[in-house]
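These notes concern the structure reproduced below.
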Amino acid sequence: MITDRNARSVRIEYVFDQTGKKTVLVVETDLQLDPAEIDFAPDQVEALCTELERHRESIAYVDAVRLVRRCNAPTNEPVEMTGTFGAAQMKIPLKPT
């Protein structure tokens, strides 16, 4: 069981290739996974990776673990476009699609 609070969601993916089927445990997190970014927290990422590896070893059917950054869903909020056309000010509300 994954207990690290940085693991936001978990799903299983199956990869089929020439060698057969592989079962991949995909774990989404809000942590920054790129070391070049300013908000990268190596101790938290390392703790999560250690727990995920322990979890993978305890479950026989999981071949690999993939840690990915969670994407925020796009919001469906109205947008307003503003600008000028010559001397006239423009304000155009755009409806969400």
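Each residue of the sequence shown is one higher than the one before, counting from 1 in the working numbering.
Glycine residues also receive a C-beta, built at the ideal position from the N, C-alpha and C atoms.
Taking C-alpha atoms, which residue in the options lies nearest to residue i?
i: Ile81; options: Leu94, Cys71, Arg70; result: In the sequence on display, residue 81 carries Met and not Ile. Met81 has its Cα closest to that of Leu94, out of Leu94, Cys71, Arg70.
i: Thr19; options: Ala88, Val27, Asp63; result: Asp63
i: Val10; options: Arg66, Gly86, Ala88, Gly83; result: Arg66
i: Asn6; options: Ser58, Val27, Asp34, Ile59; result: Val27
i: Glu46; options: Glu57, Ile38, Asp34; result: Asp34
i: Thr3; options: Leu31, Val15, His55, Gly83; result: His55
i: Val8; options: Leu52, Asp17, Ala88, Gly83; result: Correcting the residue identity first, residue 8 is Arg in this sequence and not Val. It is Leu52 whose Cα lies nearest to the Cα of Arg8.
Are the beta-carbon atoms of residue i and residue j separated by less than 8 Å?
i: Arg69; j: Thr23; result: no
i: Leu31; j: Leu48; result: yes
By DSSP's criteria, residue i is part of a beta bridge. Which residues make up the other side?
i: Thr82; result: Lys91
i: Ser102; result: Because the chain here runs from 1 to 97, residue 102 falls outside it and cannot be looked at.
i: Tyr61; result: According to DSSP, which records beta bridges pairwise, Tyr61 is partnered with nothing at all.
i: Arg54; result: In the DSSP output, where bridge partners are listed per residue, Arg54 has none listed.
i: Leu67; result: Val27
i: Val15; result: Lys22
What number of angstroms, rounded off, separates the C-alpha of residue i from the C-alpha of residue j?
i: Asp43; j: Lys91; result: 48 Å
i: Glu77; j: Cys71; result: 17 Å
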